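Asks: Quick one: this structure, given as structure tokens, is what I'll be asking you about.
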Amino acid sequence: MLTIHQLHKSYPTPQGPLPVLAGVDLQLPQGQSLALMGESGSGKSTLLHLVAGLDRIDSGHIEAHGLALEHLNERQLADWRRTGIGLIFQQFNLITSLTVADNLAFQARLAGRHDPAWNTELAERLGLTAMLDRYPEQLSGGQQQRVALGRALASRPALLLADEPTGNLDEHTSAQVLDLLLQLQADTGCSLLMVTHSPAIAARLQRQVVLHAGRVQEH
Ligand SMILES: Nc1ncnc2c1ncn2[C@@H]1O[C@H](COP(=O)(O)OP(=O)(O)OP(=O)(O)O)[C@@H](O)[C@H]1O
Ligand SMILES: [Mg+2]
Numbered sequence: 020m021l022t023i024h025q026l027h028k029s030y031p032t033p034q035g036p037l038p039v040l041a042g043v044d045l046q047l048p049q050g051q052s053l054a055l056m057g058e059s060g061s062g063k064s065t066l067l068h069l070v071a072g073l074d075r076i077d078s079g080h081i082e083a084h085g086l087a088l089e090h091l092n093e094r095q096l097a098d099w100r101r102t103g104i105g106l107i108f109q110q111f112n113l114i115t116s117l118t119v120a121d122n123l124a125f126q127a128r129l130a131g132r133h134d135p136a137w138n139t140e141l142a143e144r145l146g147l148t149a150m151l152d153r154y155p156e157q158l159s160g161g162q163q164q165r166v167a168l169g170r171a172l173a174s175r176p177a178l179l180l181a182d183e184p185t186g187n188l189d190e191h192t193s194a195q196v197l198d199l200l201l202q203l204q205a206d207t208g209c210s211l212l213m214v215t216h217s218p219a220i221a222a223r224l225q226r227q228v229v230l231h232a233g234r235v236q237e238h
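Set out below in structure tokens:
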């Protein structure tokens, strides 16, 4: 379960603080999928980064799996990033010097949760078995995003955070990757918080919310 209460976040600028999130309230029960929509600049990525523990909130509360993120020290926050979440970005963000196999295992190894059987199953389900020895630059965009999806799920995180994961893919490939993502999410029981600009993609998730004027509105 993810609970966000009265979350405030602003960025410092030369003109003074720029308020981006101004009282976000949001709950995501375990296993649920939620689409986060909103105009460009509305703060969607900011919200995802805060939940991921990549940045600190100004005030309010984020509770994820019993952890109050605002009370964690740097080491505890690093633990949360390593073991609590899986992250997928629009740019696939694979490690170019590692093979597909090593990219897949990378986060799970960091988390101390490398499970070879689960890794093999993920590679099969994502259609990556024939390309485990290749490097990211030898893959298409859709293949790279499938690796990124496998990497995020390999450590069996309870929460998957995805920031426009199909934003760089053509319509057909985007649909394929989304199908795989939703199947694996349902099968593993993880929660999914996904940013998307596409109403059609958002409609495939269980719930849709819009970030507007610093707050979340149910859609
Ligand atoms: N590190 C930063 N320093 C200053 N301002 C920032 C920083 N990061 C983001 N912003 C500003 O905060 C606002 C929200 O940015 P954010 O990236 O969260 O928007 P977004 O909803 O993800 O937009 P998009 O749909 O274009 O990805 C924007 O006005 C942006 O310019
Ligand atoms: Mg963004």
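Quick note, the sequence shown lines up with residues 20 to 238 if you use the working numbering.
By construction, the Cβ of each residue, glycine as well, lies at the ideal position given by its N, Cα and C atoms.
Note that this is a predicted model, so its numbers are computed, not measured.
1) Is the beta carbon of W99 closer than 8 Å to that of L91?
2) What is the residue span of the alpha helix (DSSP H) that A219 lies within?
3) Specify whether the segment 114 to 124 and the segment 185 to 198 touch according to this definition: at least 3 beta carbon pairs, one from each stretch, less than 8 Å apart.
4) Taking 8 Å as the cut-off, decide whether the C-beta atoms of Q95 and A177 are in contact.
5) Would you say the beta carbon of V39 comes nearer than 7 Å to a heavy atom of ligand 1?
6) Thinking just about the alpha-carbon of each residue, which of Q157, D134, Y154 and Q126 is nearest to the one in L168?
7) So, with DSSP's three-state summary, where would you put H191?
8) Please go through the same chain and pick out, in chain order, the residues whose beta-carbon is closer than 6 Å to the beta-carbon of T148, but skip the five residues on each side of it.
9) Could you check what DSSP says for L96 in three-state terms: helix, strand or coil?
Replies: From the atom records:
1) yes
2) P218 to A221
3) They do not touch, by the three-pair rule.
4) no
5) yes
6) Q126
7) helix
8) Same-chain partners within the cutoff: A142.
9) Taken through DSSP and simplified to helix, strand or coil, L96 comes out as helix.
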